[in-house]
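In order, the protein sequence lines correspond to chains A and B. For the first sequence, the UniProt record's numbering begins at 1 and goes up steadily by one. For the second sequence, the UniProt record's numbering begins at 1 and goes up steadily by one. Quick reminder that beta carbons are idealized off the backbone N, C-alpha and C, glycines included. Right, one structure below, let's go through it.
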Amino acid sequence: KTRPLEYRVAQLEALGRFLEEKKQDILEATALDMGKPSFEAYFTEILLCKNELNDTLNNLSHWMKDEHVDKNLVTQLDSAFIRKDPYGVVLIIAPWNYPIHLFLVPLIGAIAAGNCVVIKPSEISKNTEKLVAEMLTCYLDSDCFAVVTAGVEETTRLLENKFDYIFFTGSPSVGRIIMTAAAKHLTPVTLELGGKNPCYVSDTCDVQNVARRVVWGRFFNAGQTCIAPDYVLCSVEMQEKLMPALREAITEYFGSNPRESPDFARIVGDKQFKRVRALLSSGRVAIGGQTDEKERYIAPTVLADVQPSDPAMQEEIFGPILPIVVVANMDEAIDFINARPRPLAIYAFSCDSKVVNQVLERTSSGGFCGNDTLMHVTLTSLPFGGIGNSGLGKYHGKFTFDTFSHHRGCLHRNMGLEAINSPRYPPYTQQKLGLMTAAFEIKRKGMCTLL
Amino acid sequence: TRSLEYRMAQLEALGRFLEEKKQDILEATALDMHKPPFEAEFSEVLLCKNELNEALNNLSRWMKDKHVDKNLATQLDSAFIRKDPYGVVLIIGPWNYPIYLLLVPLIGAIAAGNCVIIKPSELTKNSEKLMEEVLPKYLDKDCFAVVTAGVEETTRLLENKFDYIFFTGSPSVGRIIMTAAAKHLTPVTLELGGKNPCYVSDTCDVQNVARRVAWGRFFNAGQTCIAPDYVLCSVEMQEKLMPALREAITEFYGSEPRDSPDFARIVGDEQFKRVQALLSSGRVAIGGQTDEKERYIAPTVLVDVKPSDPAMQEEIFGPILLIITVANMDEAIDFINSRERPLVVYAFSSDNKEVNQVLERTSSGGFCGNDTLMHVTLTSLPFGGIGSSGMGMCHGQFTFDTFTHHRGCLQRGTGLEPINTLRYPPYSTHKMGLIRTATSIKRRGECFLL
């Protein structure tokens, strides 16, 4: 049922109507869940999703087509192509920080690839979970798409079932559990996890611009972003210069009392609030540091002189706290980064493009952005995914479609023309081997062989 | 391992290994499973050389940063996909094509800039010894190593953290590998197996079908993950196929296949006993003779096989071809779809529509119409399983891509800050309007009045 193009387009267009018609509900739900400013919600939960939707609708018939491939001598008269088959039933488990975006974007690709989908939104963002459970099913064909609400225990039981693909966004520790459960059924997985995204700031840079871009990336959604710059690496001198620039940027964005700004989010839950607050006892609070437990408010905070052994350096912060760790130079920064698990993103700021390229060249991460934060994931043409602890697999744009497609190598030969095949049959002879070699071999370019 | 020159040098060294040690490879596989030198030269040497040359011919292009489309906001930036290696890759090879099934992933892993640990199968003792002693002489010891290990040692090996694991073998071991990999969040490619169905329609050239199916089934004495495992056809077609299969087998191996130099043996005693036990399924129509000392099982065809018979409970992986009768194509498709998804589905018909129907209405790793095995000789086609037949793909550029981390990169300018100010708080509807213009992707055929 999900196979024809028309069906898939109809479901995707229905998703588009969901985003249009339920826009206000989405803004309200995410505001209730974590104080997400409606500007941020509109950008990440609506606009970016619509982009993925349109990119897919614009290209789907092209992506779905059989892809014809090069043939060798023997198969010249045959048809050789890659058929894009769906996997079957896909499970998408979404996190709470961008609760619409992070299930909708994989959902778009899963539908585009012809799969049926079970969606499990996060139980931590309760209002959004309710919205998705109650409203999404009105738009999609309930024969093929379902929303399941589940806590930790129920999700464990859900995972005992056999799915044909599992797409999970969340923490590395839960990622391990998901993959272990998937292994029992040999279910392929994509895991979008996290880590501590380092942000190297060289001595040669426009300090004010750097400060504004880093502050934007760090405090967007009150820091609850898997690709947010987690900590800054810079020299002692740069730390001196950055501090006033960071202070200025924070004030410019959120005013002198960020708690009163409508543009600054809150921590999603009490447990998470306590966890992030505990990280404040690292280094020295240079900016911010105020908290309010009732509101789950943590001020945009910058910690200076943070040591690798401090609490803030032991886990992904996922909150509005930016630690600055001092290093002697770029080499030390690169060594620091390479001594730790590979992150989802690496950021490097420098006016000298050679410096940016060095950092890119000598480190390994899911993605990379030079001289800015977060922006690389707004391009549907770039693959988004982790490496090592930060995840496996990739998506966005066509990469989502490919993730949820099985690329089936197909060869369709002629029923006749048996003479071509006879050199391969026993009884084997040297002469036959010579013919086989001539018919099948791929030569090294630039070399001639005398036949 | 990062520079193109280094990777080319290692790959060229592999080429020299294949050239200089060709005779040793033929002898080792002959000792291990009586693999006919023709088959060994074709599958273990020629096909490997193809993959090697494909990689050498294209590597510099594969390695290049791939520049991608940008939106309005990033027009002046550099957006590209960087091909990074994963790090240390573990390749675990099986015993049936002991050189080929190790070398093909190895080629891709080296091409992608990784270090590699190679674990050949302990069941093919001679090939294992060849890999252990000879291969390290060709490759840089700093970055490549061969490890020999049995089941217990492999379990301990897997406790280590690898950056990628490539495994070829059975689904049950595949589960163990993936579970071990999950502890370290290590990505895996699993090339597993299953029972590959072979549908033969009533409209076909019976003699051609018989030869192509017999070739695919009895190559390497049936020890091929993509061999046709069982035939689905009508009762009438079974009648016609029988003499044609008999003729093909005699044409290939003579009246006494045990005397033919062109027919392999079962690799070990345990496997021999396993395959021999499957003979008590249906009725032996052709062959059926065995010799335990030689581990010889004759090219055999079983008819009137029932889904409950032993031969239908597991992948045969031996020189036994089953024929199961079905009423028509629809029944054949239902039969296929009610079972685990195999590595390959085969369909024979003079009517293209029928072949396409089978392709369309089933799901499998790969597919070949009107022949067997041939689809994997094209480096341009991805080779891999689905469901319990595996995950991931390889061959040609697909191997390179398997062992490459595709890193999305954006490099922006340090100035031009005014463009960015739209996104900063304090937020306003006006700003959002401008951002929408700068970043939105429109549905083609729609117009927006700005």
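Residue i versus chain B: which residues are under 8 Å apart at the beta carbon?
i	result
residue 452 of chain A	For residue 452 of chain A there is no data in the structure shown, the boundaries of chain A being 1 and 451.
A:Asn58	Ile441, Arg443 and Arg444
A:Asp263	Pro425, Pro426 and Tyr427
Does any residue of chain B bring its CB to less than 9 Å from the CB of residue i?
i	result
A:Ser350	yes
A:Ile166	no
A:Met64	no
A:Met436	yes
A:Asp372	yes
A:Met179	yes
A:Asp70	yes
A:Gly109	no
A:Pro427	yes
A:Ser256	no
Between residue i and residue j, which are expected to be in contact by the criterion C-beta below 8 Å, what is the C-beta distance as a whole number of angstroms?
i	j	result
B:Gly396	B:Thr377	With 8 Å as the limit, B:Gly396 and B:Thr377 do not qualify as a contact, their Cβ atoms being about 11 Å apart.
B:Ile157	B:Lys119	Here the sequence assigns Leu to residue 157 of chain B, which means Ile is not the residue at that position. Right, the Cβ-Cβ distance comes to about 7 Å (below 8 Å), so this counts as a contact.
A:Ser350	A:Thr204	6 Å
A:Leu379	A:Phe368	Between A:Phe368 and A:Leu379 the Cβ distance is about 13 Å, and since that is not below 8 Å, they are no contact.
B:Leu322	B:Ile286	Between B:Ile286 and B:Leu322 the Cβ distance is about 12 Å, and since that is not below 8 Å, they are no contact.
A:Tyr395	A:Gly385	7 Å
B:Val151	B:Cys198	Going by Cβ atoms, the distance from B:Val151 to B:Cys198 rounds to 32 Å, so no, they are not a contact pair.
A:Arg17	A:Ile111	About 14 Å; that fails the 8 Å criterion.
A:Ala345	A:Val356	Not quite, the Cβ-Cβ distance comes to about 14 Å (not below 8 Å), so this is no contact.
B:Leu410	B:Ala79	5 Å
Counting only beta-carbon separations shorter than 9 Å, does residue i have a partner in chain A?
i	result
B:Glu236	no
B:Glu39	yes
B:Ile117	no
B:Val220	Val is not the amino acid found at residue 220 of chain B; the sequence shown has Asn there. Taking Cβ atoms only, chain A never reaches closer than 9 Å to B:Asn220, which makes this a no.
B:Thr439	yes
B:Leu450	Note that B:Leu450 scores 48 on pLDDT, short of 50, meaning its location in the model is unreliable; the coordinates nonetheless yield the value given after this. Output row for B:Leu450: interface = no.
B:Phe17	no
B:Glu247	no
B:Thr377	yes
B:Arg283	no
B:Asp291	no
List the residues of chain B whose Cβ lies closer than 9 Å to the Cβ of residue i, in chain order.
i	result
A:Val441	Just to set this straight, residue 441 of chain A is Glu in the shown sequence, not Val. Under the 9 Å cutoff, chain B gives Leu46, Lys49, Asn50 and Asn53.
A:Ser122	Residues of chain B passing the Cβ test: none, with the nearest at roughly 21 Å.
Please classify residue i as buried or exposed, where buried requires at least 16 other C-beta atoms within 10 Å of its C-beta.
i	result
B:Thr29	buried
B:Glu354	buried
B:Thr203	exposed
B:Ser281	buried
A:His101	buried
A:Cys138	exposed
B:Ile180	The residue asked about is misnamed: residue 180 of chain B is Ala in this sequence, not Ile. Classification for B:Ala180: buried.
B:Ser363	buried
A:Leu279	buried
A:Ser256	exposed
B:Pro342	buried
B:Thr421	exposed
A:Leu107	buried
A:Val152	exposed
Give the interface partners of residue i over in chain A, defined as CB-CB distance under 9 Å, in chain order.
i	result
B:Arg339	The contacting residues do not exist; B:Arg339 stays about 14 Å from chain A at best.
B:Pro171	Leu186
B:Cys204	Met415
Find the residues of chain A that neighbour residue i, judging by a C-beta separation of less than 7 Å, and give them in chain order.
i	result
B:Thr414	Cys205, Asp206, Asn209, Cys351 and Asn371
B:Thr179	Thr180 and Ala183
B:Asp334	What B:Asp334 touches in chain A: nothing, since even the nearest Cβ is about 16 Å away.
B:Cys198	The premise fails here: B:Cys198 is roughly 14 Å from chain A at the closest Cβ pair, so nothing lies under 7 Å.
Between residue i and the ligand MG, is there a pair consisting of the residue's CB and a ligand heavy atom that are separated by less than 8 Å?
i	result
A:Ala299	This structure simply doesn't include the ligand MG, nor any ligand for that matter.
So with CB distances below 7 Å, who are the chain B contacts of residue i?
i	result
A:Val152	Within 7 Å Cβ-Cβ: nothing; A:Val152 doesn't reach chain B, min ~18 Å.
Can you find a CB in chain D that lies within less than 9 Å of the CB of residue i?
i	result
B:Gln357	No chain D is present in this structure, whose protein chains are A and B.
If the cut is a Cβ gap below 8 Å, which residues of chain A does residue i touch?
i	result
B:Glu5	Near B:Glu5 there are no residues of chain A at all, since even the closest Cβ is about 16 Å away, more than 8 Å.
Query raised in the report: Do the stretch 277 to 295 of chain A and the stretch 134 to 153 of chain A meet, that is, are 3 or more Cβ pairs less than 8 Å apart?
Result: no
Query raised in the report: Below 8 Å, can you find three or more Cβ-Cβ pairs linking the stretch 266 to 276 of chain A to the stretch 237 to 249 of chain A?
Result: no
Query raised in the report: Should the stretch 87 to 95 of chain A be regarded as contacting the stretch 306 to 317 of chain A, the criterion being three or more beta carbon pairs within less than 8 Å?
Result: no
Query raised in the report: Can we say the stretch 413 to 427 of chain A touches the stretch 249 to 256 of chain B, given the rule of at least three CB pairs closer than 8 Å?
Result: yes
Requested in this report: For the stretch 331 to 341 of chain B and the stretch 258 to 266 of chain B, state whether three or more C-beta atom pairs, one from each stretch, are separated by less than 8 Å.
Outcome: no
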